[in-house]
Each structure stands twice: as structure tokens, then as C-alpha cells.
Amino acid sequence: MLWLILVFGTVFAAASKGTESIGLREYVDSKSGARWIYAEPPERFQPGNFQLMFGALREPEEQRSKRPTVSHESFSDEHIPKAFDARKQWPHCPTIGEIRDQSSCGSCWAFGAVEAMSDRLCIHTNGTFTKRISAVDLISCCGYCGFGCQGGFPPTAWDFWQTEGIVTGGSKENPTGCRSYPFPRCSHHGSKKYPPCSHRIYDTPNCVQKCDTPDTDYATDKTRANITYNVKAKQNAIMKEIMINGPVEAAFQVYEDFLGYKSGVYFHSDGTLLGGHAIRILGWGEENGVAYWLIANSWNDGWGEDGYFKMLRGKNECGIEDEVTAGLPELSSIPLK
Numbered sequence: 047m048l049w050l051i052l053v054f055g056t057v058f059a060a061a062s063k064g065t066e067s068i069g070l071r072e073y074v075d076s077k078s079g080a081r082w083i084y085a086e087p088p089e090r091f092q093p094g095n096f097q098l099m100f101g102a103l104r105e106p107e108e109q110r111s112k113r114p115t116v117s118h119e120s121f122s123d124e125h126i127p128k129a130f131d132a133r134k135q136w137p138h139c140p141t142i143g144e145i146r147d148q149s150s151c152g153s154c155w156a157f158g159a160v161e162a163m164s165d166r167l168c169i170h171t172n173g174t175f176t177k178r179i180s181a182v183d184l185i186s187c188c189g190y191c192g193f194g195c196q197g198g199f200p201p202t203a204w205d206f207w208q209t210e211g212i213v214t215g216g217s218k219e220n221p222t223g224c225r226s227y228p229f230p231r232c233s234h235h236g237s238k239k240y241p242p243c244s245h246r247i248y249d250t251p252n253c254v255q256k257c258d259t260p261d262t263d264y265a266t267d268k269t270r271a272n273i274t275y276n277v278k279a280k281q282n283a284i285m286k287e288i289m290i291n292g293p294v295e296a297a298f299q300v301y302e303d304f305l306g307y308k309s310g311v312y313f314h315s316d317g318t319l320l321g322g323h324a325i326r327i328l329g330w331g332e333e334n335g336v337a338y339w340l341i342a343n344s345w346n347d348g349w350g351e352d353g354y355f356k357m358l359r360g361k362n363e364c365g366i367e368d369e370v371t372a373g374l375p376e377l378s379s380i381p382l383k
């Protein structure tokens, strides 16, 4: 049974010009005990503009079956802790605690992948490699991954990493590595921290097989995967994979209510289905006895809980446990400089 509770009626937030009112609501699931806070999203996050953000396409089962599936059955369930946070487990890996911004491009499928790839490169080199893997190199150069800024298949991003390799790259605001993301951080959610987002989807950049600066060689900057695989659609299998190898990419179905997530353990409460969204799972825990996944979004640190959100765990909420993908880096491919 679902209860909708109005919190404080209306909360007023200071704005640069005048005052804007933001109605808060609390959703409570009486069965699981989960509860989360909803804040009315701005115009950009209204259902009619959702295509700007949700670009995760469902991979056909025929294609998914070509990839091995891991479950870590030899790893005892007894060794799974009640809570796990990859940021604390591998504090020497700065990318794990970073929140990126896909801007006005439906590239979540690529961001969830390159974020987890970056984390795993650091983890499996014991902190020697701390660069960011380039989202734009993947978006622009992987033709079979989908449609660039118009959406793509999260699992095939990992296959591309193995077959073609992906170079390094930072953000528009902090350009590093070979190919940095060309689109700016922006205010997806009414926050005044960043400039307003574009109301149109950016065109997919061209595949330029050349680094932004001449002192870095494109071919030698590439990193690759040794193997890519599906993770079995079971809670314990996913937790074991994260514990052993690092954060993973997952995709889930987005409903209208998710647009206004503010805090708490999210579960689908209201609204129609909008599309698919890919993210990075980096841990788990419990809040007031409710099991959740700890997830990094790609809408910058002004959204949700400083860029993160928690989702009900063990119930395959919105299909979050259905399509989890990962891979291991080819250590011999890692650039020395």
C-alpha cells in the first residue's frame, strides 16, 4: 500500500530573482518501509522534455546471450557485508567519488559505462591509473552502440571497450587526457549552481580520432577491456561483483516521479513510464531497516543527494537488477603516461 504525505505544505527557496515555491511530498511504502522525498521538478524535467535525459535502450536478449554471465557462486554469501561503499573501500581511486554531467545529451548509456571503467582501471592497478575514460570518444565512435546523444545500449559500450578501446578525457570545465566532453555542466533541476541547460538535445559529436592537444597520441592513449560480461540478475551476485571488482553499470525504467527525487530510498510511486536510464552502482546499505542500492547519477552534484540516489534493493525495483554489465581492464593496454 502506498501513502502520499504532504511535507510542510510548501517550502520556499530563495532564487536570484524573487521567490519560487517548491512543493515537497513524501512517498511511503507501507510494505517495505521505504520512504523518499519528492520535489516538484522545473520545466526542463517535465515529462515532455524527458528525452533529453533518458537514453538507455534495452539490449535484445539474443545479443545479451552472446556475453558470459557471472554469478560468483564460489564466493560465500556469508562474506557479504550489511553495507558497502566503493568510495571507502578504494579511497585511493578519486573517480569513484566523482559525479559527472551528461548535459543535454541522451548519453547516460555511455556515462554509466565510462565511469565504472575509470573506477575499475584504478582499482585493478592499485591506484596507479587515475585518469577518466572519455565519454565523448565512446558516444561519437561506437556506431553499433546506438545513436549517440539520441540513446544507446549500455552493454555494447563495454564490448566496444574490449574490441576498439576508449581513450581518456575529462569534462569541458576540467579538460584532461585525450578527448574531453564538449558539453557543459548545467542546471537540470532548478539549482542555480550551473547555467541553464539547453532545451534541445545536442548533436552527436563527430568521431575524431585525434586528441584535443598534440602532446597526447590517440592510438597509444586507448585503454581496453580484457573481458566483458553480464552480471546475474540476483542481488547477491551484483553485490559480490562490486565487492570483488568495483562499481558496475546498470539500467532501469524511469517513471515520472523519479524526475523529482530529492532524498531517501526511491521506489516507483506515481506517474507513467518515460524511458530507460543507465547509471553506476557503487554500493549498498540500509536506511531505517530498508535495503537500498547506492547509485551515482550523471546529472551533476546539484541533483538528488549530491548527485547520488538510493533505490530499493532486492526487489528488482524498476528493473534495476535485470541488466547489469561490467568488464575487467586489459592491464597491458594502459597508457604509461
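Take the sequence shown: its letters are residues 47 to 383, numbered as in our numbering. From the three backbone atoms N, C-alpha and C, an ideal C-beta is built for every residue, glycine too. Bear in mind the structure is a predicted one, so any value in this text is a computation, not a measurement.
**Asked** Is it the case that the Cβ atoms of C187 and C257 are separated by a distance below 7 Å?
**Response** On the sequence shown, residue 187 is found 141 positions in, with the first residue counted as 1. On the sequence shown, residue 257 is found 211 positions in, with the first residue counted as 1. Taking 7 Å as the Cβ cut-off, C187 and C257 do not qualify as a contacting pair.
**Prompt:** Between G223 and T262, what straight-line distance do the alpha-carbon atoms span, to the nearest angstrom?
**Reply:** The sequence position of residue 223 within the sequence shown is 177, counting from 1. The sequence position of residue 262 within the sequence shown is 216, counting from 1. Each residue's alpha carbon lies about 8 Å from the other.
**Asked** Looking at D165 and T141, is the spacing between their C-beta atoms short of 7 Å?
**Response** Residue mapping note: residue 141 aligns to position 95 of the sequence shown, counting from 1. Residue mapping note: residue 165 aligns to position 119 of the sequence shown, counting from 1. Contact flag set, yes.
**Asked** Between the segment 141 to 157 and the segment 323 to 330, are three or more C-beta pairs nearer than 8 Å?
**Response** yes
**Prompt:** Where does W242 sit, in a helix, a strand or coil, going by DSSP?
**Reply:** For the purposes of this step, residue 242 is taken as the residue at position 196 of the sequence shown. Trp is not the amino acid found at residue 242; the sequence shown has Pro there. In the structure shown, P242 sits in a strand (DSSP, three-state: E or B).
**Item:** Pick from D183, G353, E119, R71 that is closest to D267, judged by C-alpha positions
**Value:** Within the sequence shown, the letter at position 221 stands for residue 267. Of the listed residues, the one whose Cα sits closest to D267 is D183.
**Item:** Nearest candidate by alpha-carbon position, reference L358, set W345, S378, N334
**Value:** Counting from one through the sequence shown, the residue named residue 358 turns up at place 312. Nearest C-alpha to L358: N334.
**Asked** Applying the criterion that 16 or more other CB atoms from any shown protein chain within 10 Å of the CB defines a buried residue, is S378 buried or exposed?
**Response** The residue you call residue 378 lines up with position 332 of the sequence shown. S378 should be labelled exposed.
**Asked** Can the beta-carbon of L340 be found closer than 7 Å to that of G353?
**Response** Start at 1 with the first residue of the sequence shown, and residue 340 comes out as number 294. Start at 1 with the first residue of the sequence shown, and residue 353 comes out as number 307. For L340 and G353, no; Cβs fall outside 7 Å.
**Asked** If we ignore side chains and look at the alpha-carbon of each, how far apart do P381 and V294 end up?
**Response** In the sequence shown, the residue the question calls residue 381 occupies position 335. In the sequence shown, the residue the question calls residue 294 occupies position 248. Roughly 23 Å separates the two Cα atoms.
**Message:** According to DSSP, is S379 part of a helix, a strand, or is it coil?
**Reply:** Taking the first residue of the sequence shown as position 1, residue 379 is located at position 333. DSSP places S379 in helix when its eight states are reduced to three.
**Asked** Using DSSP with H/G/I as helix, E/B as strand and the rest coil, what is R178?
**Response** Here the question's residue 178 lines up with position 132 in the sequence shown. Look at R178 here: in three-state DSSP terms it is coil, with no helix or strand label.
**Message:** For the alpha helix (DSSP H) containing G321, name the first residue and the last one.
**Reply:** Looking up residue 321 in the sequence shown gives position 275. First-last for G321: 319 to 333, but that is the beta strand (DSSP E), not the alpha helix (DSSP H).
**Prompt:** Who are S212's beta bridge partners in DSSP?
**Reply:** Here residue 212 refers to the residue found at position 166 when the sequence shown is read from its first residue. Contrary to the premise, residue 212 reads as Ile rather than Ser in this sequence. DSSP output for I212 lists T269 as bridge partner(s).
**Request:** Specify the secondary structure class of K218 as computed by DSSP and reduced to three states.
**Result:** The residue given as residue 218 occupies position 172 in the sequence shown. Looking at K218 - three-state DSSP - the assignment turns out to be coil, as it is neither helix nor strand.
**Request:** For A337, verify whether its CB is less than 6 Å away from any heavy atom of the ligand NAP.
**Result:** In the structure shown, the ligand NAP is absent, as is every other ligand, since no ligand is present at all.
**Message:** Using the Cβ count rule (16 or more neighbours within 10 Å means buried), how would you classify G197?
**Reply:** Along the sequence shown, read from residue 1 onward, the residue named residue 197 stands at position 151. Classification for G197: buried.
**Request:** May I have a chain-ordered list of the alpha helix (DSSP H) segments no shorter than 4 residues that lie completely inside the segment 124 to 173?
**Result:** 132 to 135, 154 to 169
**Request:** On the DSSP bridge assignment, give the partners of V294 in chain order.
**Result:** As a first step, residue 294 is located in the sequence shown; it is residue number 248 there, counting from the start. I327.
**Asked** In chain order, what residues of the same chain have a beta carbon less than 6 Å from the beta carbon of E161, not counting five sequence neighbours either side?
**Response** Taking the first residue of the sequence shown as position 1, residue 161 is located at position 115. Cβ neighbours of E161 within its own chain (closer than 6 Å, five residues either side excluded): R326.
**Message:** Excluding the 5 residues flanking Q281 on each side, which residues of the same chain have their C-beta closer than 7 Å to its C-beta?
**Reply:** Start at 1 with the first residue of the sequence shown, and residue 281 comes out as number 235. Excluding residues within five positions, the ones whose Cβ falls inside 7 Å are R359, G360, E367.
**Reference D205; option with closest CA among D123, T269, S217** = On the sequence shown, residue 205 is found 159 positions in, with the first residue counted as 1. When each option's Cα is compared against that of D205, the closest is T269.
**Request:** My understanding is that K308 touches G350, with C-beta atoms under 8 Å, so please give their C-beta distance in whole angstroms.
**Result:** Within the sequence shown, the letter at position 262 stands for residue 308. Within the sequence shown, the letter at position 304 stands for residue 350. Between G350 and K308 the Cβ distance is about 7 Å, and since that is below 8 Å, they are a contact.
**Item:** Start and end residues, alpha helix (DSSP H) containing R110
**Value:** Translated into positions along the sequence shown, residue 110 becomes position 64. Element bounds for R110: 107 to 110.
**As assigned by DSSP and simplified to three states, the class of N282** = As a working mapping, residue 282 is identified with position 236 in the sequence shown. Three-state result, N282: helix.
**Request:** Taking K128 as the reference, give the member of S344, Y301, A337 with the closest Cα.
**Result:** Your numbering for residue 128 matches position 82 in the sequence shown. Among S344, Y301, A337, the Cα nearest to that of K128 belongs to A337.
**Asked** Can you tell me the Cα-Cα spacing of R81 and E219, whole angstroms?
**Response** Residue mapping note: residue 81 aligns to position 35 of the sequence shown, counting from 1. Residue mapping note: residue 219 aligns to position 173 of the sequence shown, counting from 1. Taking the straight line from one Cα to the other gives about 36 Å.
**Request:** Look at the alpha carbon of F199 and the alpha carbon of A279, and state the distance between them as a whole number of angstroms.
**Result:** In the sequence shown, residue 199 corresponds to position 153, counting from 1. In the sequence shown, residue 279 corresponds to position 233, counting from 1. One C-alpha to the other measures close to 17 Å.
**Message:** Need the endpoints of the beta strand (DSSP E) that W349 sits in, please.
**Reply:** Translated into positions along the sequence shown, residue 349 becomes position 303. From DSSP, W349 is part of no beta strand (DSSP E); its letter is neither H nor E.
**Message:** Which residue wins for smallest C-alpha separation from S244, given the options E72, S217, C139, M99?
**Reply:** In the sequence shown, residue 244 corresponds to position 198, counting from 1. Nearest C-alpha to S244: M99.
**Message:** Suppose the cutoff is 7 Å on Cβ atoms and the five residues either side in sequence are ignored; what does the same chain contact list for A297 look like?
**Reply:** Along the sequence shown, read from residue 1 onward, the residue named residue 297 stands at position 251. Here the set comprises A102, P200, G322, H323, A324, E369.
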